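Residue numbers (our numbering), protein chains in the order written: chain A, 85 to 404; chain B, 85 to 404; chain C, 85 to 404; chain D, 85 to 404. A virtual CB, placed ideally from N, CA and C, is assigned to each residue, including glycine. If you're wondering where the values come from, they're calculated on a predicted model, not measured in any experiment. What follows is a set of notes on a single structure, which appears directly below.
4 protein chains.
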Amino acid sequence: MRTIGVVTSGGDAPGMNAAIRAITRIAYSENLQVLGFERGWEGLIESKFRPLTPRSVGGIIQSGGTILHTLRCPQFKRKEMIRKAAETLDLNKVDGLIVIGGNGSFKGALELSRETDTLIVGVPATIDNDVFGTDETIGFDTAVNTAVNEIDKIRDTAISHERTFIVEVMGRKRGFLALTVGITVGAEIILVPEVKFEKEEIFKILKENSAKGKKSSIIVAAEGIGDTRKLAKEIEKNTAAEVRLSILGYAQRGGSPTARSRLLASLFADKAVKLLLKGRGNRIVGLQKGRITSIELEKSCKTEKPLDLKLLRLASVLAT
Amino acid sequence: MRTIGVVTSGGDAPGMNAAIRAITRIAYSENLQVLGFERGWEGLIESKFRPLTPRSVGGIIQSGGTILHTLRCPQFKRKEMIRKAAETLDLNKVDGLIVIGGNGSFKGALELSRETDTLIVGVPATIDNDVFGTDETIGFDTAVNTAVNEIDKIRDTAISHERTFIVEVMGRKRGFLALTVGITVGAEIILVPEVKFEKEEIFKILKENSAKGKKSSIIVAAEGIGDTRKLAKEIEKNTAAEVRLSILGYAQRGGSPTARSRLLASLFADKAVKLLLKGRGNRIVGLQKGRITSIELEKSCKTEKPLDLKLLRLASVLAT
Amino acid sequence: MRTIGVVTSGGDAPGMNAAIRAITRIAYSENLQVLGFERGWEGLIESKFRPLTPRSVGGIIQSGGTILHTLRCPQFKRKEMIRKAAETLDLNKVDGLIVIGGNGSFKGALELSRETDTLIVGVPATIDNDVFGTDETIGFDTAVNTAVNEIDKIRDTAISHERTFIVEVMGRKRGFLALTVGITVGAEIILVPEVKFEKEEIFKILKENSAKGKKSSIIVAAEGIGDTRKLAKEIEKNTAAEVRLSILGYAQRGGSPTARSRLLASLFADKAVKLLLKGRGNRIVGLQKGRITSIELEKSCKTEKPLDLKLLRLASVLAT
Amino acid sequence: MRTIGVVTSGGDAPGMNAAIRAITRIAYSENLQVLGFERGWEGLIESKFRPLTPRSVGGIIQSGGTILHTLRCPQFKRKEMIRKAAETLDLNKVDGLIVIGGNGSFKGALELSRETDTLIVGVPATIDNDVFGTDETIGFDTAVNTAVNEIDKIRDTAISHERTFIVEVMGRKRGFLALTVGITVGAEIILVPEVKFEKEEIFKILKENSAKGKKSSIIVAAEGIGDTRKLAKEIEKNTAAEVRLSILGYAQRGGSPTARSRLLASLFADKAVKLLLKGRGNRIVGLQKGRITSIELEKSCKTEKPLDLKLLRLASVLAT
C-alpha cells in the first residue's frame, strides 16, 4: 500500500471535507500518498485528480460541501466507463480507493470493484442516513440540526398565527431524516414513507389537538411520502385548521458540519485507512452499537436499512 | 392619557415581542396602563384583551412571534366591524392604541381612526420592509440574516455540484428582502418585481460567468416576480447550467430577532409612547436618515415606498 | 406506581427541559401523575412542587435551562436534610422519583435512596459527560457544538493575526468536553487533566508547526488542567508565538439543545419511566453501545468514567 | 488613477473580506488594478503584496478575518518606517491606497499621508465602533449579534440558577459594543467607561429587582470599565445575589459577517473607490444620517466619537 485515492460521489453532505482531511493526514502519517479525484466518478473516468497533502487539506474541517466536487454520474452504469475508471486506478498505481458517498456511490463502487484489483472502501456520507451497515452517516446530524433550527423558527409563526404547518424535509425515499427531525422538534405528526398513514387519522389527531387546546401543530413529512401540497389542501378542507406548507430546501445539504458529523468523519476516515493498510477492501465502514466497524460493500448495497419504528411510536406519545 | 392598548396584526415579524415589551415598560414608567389585545383586530372586535405589566412582558425580548398572537382579519374591511372595534376602545377607555404591523394593518388602523377618538400610532413591523415612512421595519434585518444564512449553506452545495440555484425569498409584491439578501450573499443575479428583466439577459449572464470560470451561480428571486419553477426550467433549457430551485419558507418570518430588530423595536416603542403622551395620533413611527421620526398614517398608507435601484446596480458590479 | 416526582439538580444542561417534557408526557400516557420539585433538592426538603401536565410542559423542548430551576445544595449532605426530603416523598405519596442531573446529584440521590422507599432513577444530564454508565449525557452534544462554533470564529482571528490561541473549555475535573471539542475544531494541541503534559512538548509542537508553515494554532484546554493564563505566558516566552487566551464561559451551559441532546432526553425519559413502572429503582439510565440501558446508581456513583485515550492519539495525528 | 492598493490593519473585524472583495470588483469595473498588501503596515514597509482580481476575491464575502492578514504594528510610529511605506507606494505606482481598519490604523494612515502623494482613503472596520465620522463600522453589527447570542444562552443558566451574571464584552476604552449589546439582551444594568457608576447604585438596583421578583440579572460591562472580577466579588458581598462572571472572548472578533456588516462593507468600498476616482484623498468614508458619506481623515483621528447617552437612559427604563 503506497498510494490511495479519494473520491466524493453523489449528493454532497456536510463533513465530506472533514473526511477528506482526516483520510489525507492519517494516510500521510502512515507514509501513504493521497490522490484526490475530482467531480465524482468523472475524475476516475477522465483521470482528473490532484495530490492531497496534510497542508492542502488544512482549514477545511469546518466547511460544508466537498473540495473535490461531486457529480451524479448516470453514465457510470455503463461497463466501459467503469473499465476506464479501473484503468485510471491501474495507470496511477492506486492501491486503495476510498469512496465517500451514499448508496448510489456504493453501488458504483461495487461495480468498479469487479473490474479492478484496487482495494475499495466506502465511507458513508449522506444526509439521508439510509446506508445499511451504519447507524449514522456523515452529514446526517448536521442536516437534522439544520432542519430543527428551521422548524423551531417556523413554530414561532405557527403559534402566533395559530396555524398548522406541514414541513417537508429531505431524505429521498426514506424517513430517517423526517423521523429524527420530527421527534426533536416535538412534531405533532410525523409522516414517513415506511409507514402507511390514513388521512382520516391525521384529521382526527388535529381535531383532538384542537379540542385539547393545542392551537398550532407541526407535521413533519419526508419528501418520500408524496405530494405534500395536495395533503395540505386536504387537511384544510377536512379540519378547521389553517394549513401552510414549507418545503425545507437544499440548505439541509450544506452548512458547517456539526461536531458529531466532523467526529464521525474523522473516525470513519481512520477506520477506512486502517482497513486498506490491512489489505482489506470491498467494505464500507460504519458505526454499529456505538463502535466503529465495517461490513461488506456488497451486503451494504443489497440490504435495506430498517427504520426504527419504536422511535416513531415514542414520538406519538411525546406529542400528546 | 391613562390607558393605552397594543395590538399586533397581519403577518408576524421577529421583534414584535421586543416592541410589546418596550411599549409596556416605557408606558409604565410614565404611569400608563397597558392593555394587550389578542389575535389582531379580532381582539378589538370581540373585546378580548389582557393587562400587560412590566413583569408579564419579561423574558420575551429574544422570542420570535408575538405573545398577543395575530391574524389576518379580512372582515375588518367591513364598517360594522370597525365600529365594534371603536366601541371596544371607547368602553375600555383606551386613550391611545399602538398598532404593530405592516401596510395592511396600517390601512385597517386608518379606517379605525375615522371611527374613534382614540389616538392611533403605528409601529412598522414586517419582514417585507415595504412601509413608506421608514427606511427599515422591525423584523427585516432578522429575515435578511435568516435568508443569508440559508443561502450561505446552499452555496456550499452549489459549488460542490457546480450548479445554478434559484433561491426564492419572501417579500410579497416587493423586492426589498430579495435585494438586501442578494447583495449580501453575493448573488450573481437578483430578480425583483420592481425591475423588468429579460430572460435572455439571465441566460447571457450565466453563460458569461461560466466562460469566466464561475461554475456555480446563485440567483436570488423575490416571490413577487412570478413562477420561479418555470424560470428554473427555462434557464436549464437555454444554458448548459444544471439548475435547482429552493424556496425559502416561513422560517424567514420566525426566529429570535437580531440585535438590530430588537433595537429598532425598542426605539420605535419609545417614540410611539412619546407621541401618544404628546397627544399626537394617526401617525406611524419610523427610521429616516438614521433618526427615529414619524409621519402621518394616511401618508404612509397612500404612498409606495421606492426601492433603491442604485443598490441593485452596485450588486451587479459586485457580482462580476 | 401512581405518582412520580421529577427534580433537576446541580448545574443545568441544555435538554433538561426536553427530559421534563418527555417524562411528563410518557408518565401521563401510563396514567401516572407527575410532580415537579423546584430548585433542586431544596424543593424536596421544603416540599415545594407543582403538578406537571402534558399541557404545562408544552413549548419547552427547545429551551435551554430548566423550568424547575436548580441549585447546588451543599446542605443536602446533612442527614437531617435528606430525611426531610424523604418525608416529603412519603407525605406526597411519591412512588418514584426521577433525578435529572450529574454526578453530584446522583450522589445525593444515592443518600436519599437509603432513607426512602420511593424508587429513584437518575437521568444523566450534564455538559461534562463525566457520568459512569452512559457514553453520553444530555447537554453534552449541545455544549460541544457551542464551543466548536465559538472556536471556529476564534480561528478566523487566529489566522488573520497569525496567532496562537489557548481556548479554555468547561468540563470540571475531566477532559471529555475538551477532547471532543478539540478533535472537531482540528485543534493543534488538546490538554486534558487525565493526561500529564510537558510544557516543553507544547513548545516543540508549536515550533514544528511554525516551521511547517502553520502560522496560527489552536490549543484547546480543559478547565481542569490548571492555570491557563500562566500557560499562555510561558508559551509566549518560550516560542516565537503571539499567544492569546480565551475562556469560553457559561454560554456552554445554555442555549437551545441540539437535536441529539433533545433525542437523548426523550429516550432517557422513556427508559426512566419504564424502569419505575417495572418497580426497578436505584438505577441510572444511559446510552451504552448505541442502546438505551441502565446500571445501578451506586455503581455509577463509585466508578470513574474513563476517557478515550485512543481518540486523543487520533487527534494528534489529525493535527499534523 | 490606474493602480490602487488595499491593506487591512489593526484588529480584524468581520466584513473586512467583504470590503476587500467589493473594492477589488468595483475597481476592476473602473479599469483599475488592485494590489493587496499583506499583514497590515508590514506589507507596505517590506513591499509584500499580491495582485487582487475579481476571481481571486471570489467566495470570501461570508468569511470572517481578512485574507490579507493583519498585524498591530507598533514600529509604524517611527518616521523611517513610514517613509519606507511611502517608498513602496511610490515604487509600485500606487495612485490610491484604501486602509481598512479602526482608529489606530487611521492614525498611521494620517502619518503616511504626510510622506506620500498617494491618495489615502480609510474604510472604518472595527468591532469597537469608535471611529468618529461614521455611525457604524464594518464588523460592529456582527460582534453585537455574537455577544447577544452568547448572552441569550447565559440567561438560560442565569434564570435556572437564579443568579446574577456580569458579562464583560469587548470595546477597548469605549462602551459602544456594551451599550448596544446591553439594550438588546435586556440587561438589567449596563456599565460603560463613558459614564461613572457608583457601586452602591448597582447594589441598590439588584436589591430592588430581587424585591420585584426578578431572581436573575444580567449586567453587561464594557471591558474598559476596569476589573470586573473584583466587581463580581463586591456585588456578591453587598447583596444576596450569587454572582458569576463571563468574559466574552475573541469570538466577538470573528465569525461570518452579518448581512448588515457585509452590506456596509460593500457600500463603504463603493464610496472609497469613487473618492479615489475623483482624486479625493485623506478622507474616511462613513455612514451618517443613514447615508454613505465621508469626512477628513485628520478630523476623524482627532475627534472623539460621542456615546449616545439617551440610549443608555432608555435601556434603564426598559430594564424595569
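Point to revise | Range covered by the alpha helix (DSSP H) that runs through V357/C | key: Looking at the DSSP string, the run of the alpha helix (DSSP H) that includes V357/C is 343-361.
Between which two residues does the alpha helix (DSSP H) containing A193/B stretch?
That run of the alpha helix (DSSP H) goes 187-197.
- Own chain partners of G270/A with C-beta closer than 8 angstroms, once the 5 adjacent residues on each side are dropped: I302, L402, A403
* To do: Identify the contact partners of R397/A in chain C, using a Cβ-Cβ distance below 7 angstroms as the criterion.
  => Residues of chain C passing the Cβ test: none, with the nearest at roughly 10 angstroms.
Which residues of chain C have a Cβ atom closer than 9 angstroms to the Cβ of G374/A, listed in chain order? D219, L371, Q372, K373, G374, R375, listed in chain order.
| task | Return the residues of the segment 137-163 of chain A that lie within a Cβ-Cβ distance of less than 9 angstroms from chain B, sorted by chain order. | result | S147, G148, G149, T150, I151, L152, H153, T154, L155, R156
Q) Are the segment 267-281 of chain D and the segment 377-384 of chain B in contact at 8 angstroms, needing three or more beta carbon pairs? A) no
Helix, strand or coil, according to DSSP, for P218/D in the structure here? Before going on, a small fix: residue 218/D reads as Thr here, not Pro. It is coil, neither helix nor strand.
* **Where the alpha helix (DSSP H) through E252/B begins and ends** => No alpha helix (DSSP H) holds E252/B; the beta strand (DSSP E) holding it covers 248-253.
- Starting from the Cα of V118/C, find the closest Cα among A103/C, E130/C, N366/C, L332/C and give me that residue. The shortest Cα separation from V118/C among A103/C, E130/C, N366/C, L332/C belongs to A103/C.
In chain order, each alpha helix (DSSP H) run of at least 4 residues that lies wholly inside the segment 94-149 of chain A: Listed in chain order, the alpha helix (DSSP H) elements of length 4 or more contained wholly in the segment 94-149 of chain A are 100-113, 125-129.
| said: How far does the beta strand (DSSP E) with T202/D in it extend, from its first residue to its last? | reply: Here T202/D belongs to no beta strand (DSSP E), and DSSP marks it neither H nor E.
Worksheet item: Just the Cα atoms here: how many angstroms apart are T221/A and G180/B?
Response: 58 angstroms
Exercise for the section: Please determine if the segment 286-305 of chain A and the segment 314-333 of chain A are in contact, where contact requires at least 3 C-beta pairs separated by less than 8 angstroms. Expected result: yes
- Please compile the residues from chain B whose C-beta is within a distance smaller than 9 angstroms of the C-beta of N229/D. N229, T342, A343, R344
Next item on the list: Please name the residue, chosen from V251/A, G186/A, W125/A, V178/A, that lies closest to M100/A on a Cα-to-Cα basis.
Entry: Of V251/A, G186/A, W125/A, V178/A, the residue nearest in Cα terms is G186/A.
* Partners in chain B for E234/A, counting only beta-carbon separations shorter than 7 angstroms -> Chain B residues near E234/A: A335.
Discussion item. Would you say I238/D lies against chain C (beta-carbon separation less than 8 angstroms)?
Written reply: yes
What are the boundary residues of the alpha helix (DSSP H) that V265/C is part of? 260-269
Check your understanding: CB-CB under 7 angstroms to H153/D, same chain, minus the five flanking residues each way: which ones, in chain order?
Key -> E122, R123
Taking C-beta pairs closer than 8 angstroms, name the residues in chain D that R328/C reaches, listed in chain order.
Y334
Quick check on F249/C - is its C-beta less than 8 angstroms from some C-beta in chain D? yes
Next on the checklist: Quick check on R86/C - is its C-beta less than 8 angstroms from some C-beta in chain A?
Outcome noted: no
Is R109/A close to chain C, meaning its C-beta is less than 8 angstroms from at least one C-beta of that chain? yes
| Residue nearest to Q159/A in terms of C-alpha spacing, selected from F133/A, L128/A, I144/A, N176/A | L128/A
Inset, instruction - Output yes if chain B places a C-beta closer than 8 angstroms to the C-beta of I331/A; else output no. - result: Yes - at least one Cβ of chain B is within 8 angstroms of the one on I331/A.
- Range covered by the alpha helix (DSSP H) that runs through T312/D: 312-322
Check: So with Cβ pairs under 8 angstroms, would you call T241/D a contact of chain C?
Finding: yes
message = Can you find the residues in the same chain that come closer than 6 angstroms, C-beta to C-beta, to I43/C, ignoring five residues on each side of it along the sequence?
response = Chain C is shown from 85 up to 404; residue 43/C falls before or after that span and cannot be answered.
*Extent of the continuous beta strand (DSSP E) to which A242/C belongs*: Element bounds for A242/C: not the beta strand (DSSP E) but the alpha helix (DSSP H), 224-245.
Next item on the list: Would you mind stating whether I250/D and L155/D have Cβ atoms separated by less than 8 angstroms?
Entry: no
Self-check item: Residue from A305/C, R256/C, E292/C, K296/C with nearest C-alpha to K280/C
Solution: A305/C
Check your understanding: Is it true that the segment 163-175 of chain B meets the segment 222-240 of chain B, where meeting means three or more beta-carbon pairs spaced less than 8 angstroms apart?
Key -> no
| query | For S93/A and chain B, any beta-carbon pair shorter than 8 angstroms? | reply | Cβ-Cβ to chain B under 8 angstroms: no for S93/A.
On the three-pair Cβ rule with 8 angstroms, is the segment 331-342 of chain C touching the segment 236-245 of chain D?
Result yes; three or more Cβ-Cβ pairs closer than 8 angstroms.
Practice problem: Return yes when the Cβ of R256/A is within less than 8 angstroms of the Cβ of E318/A, no when it is not. | Solution: No, they are not a contact pair.
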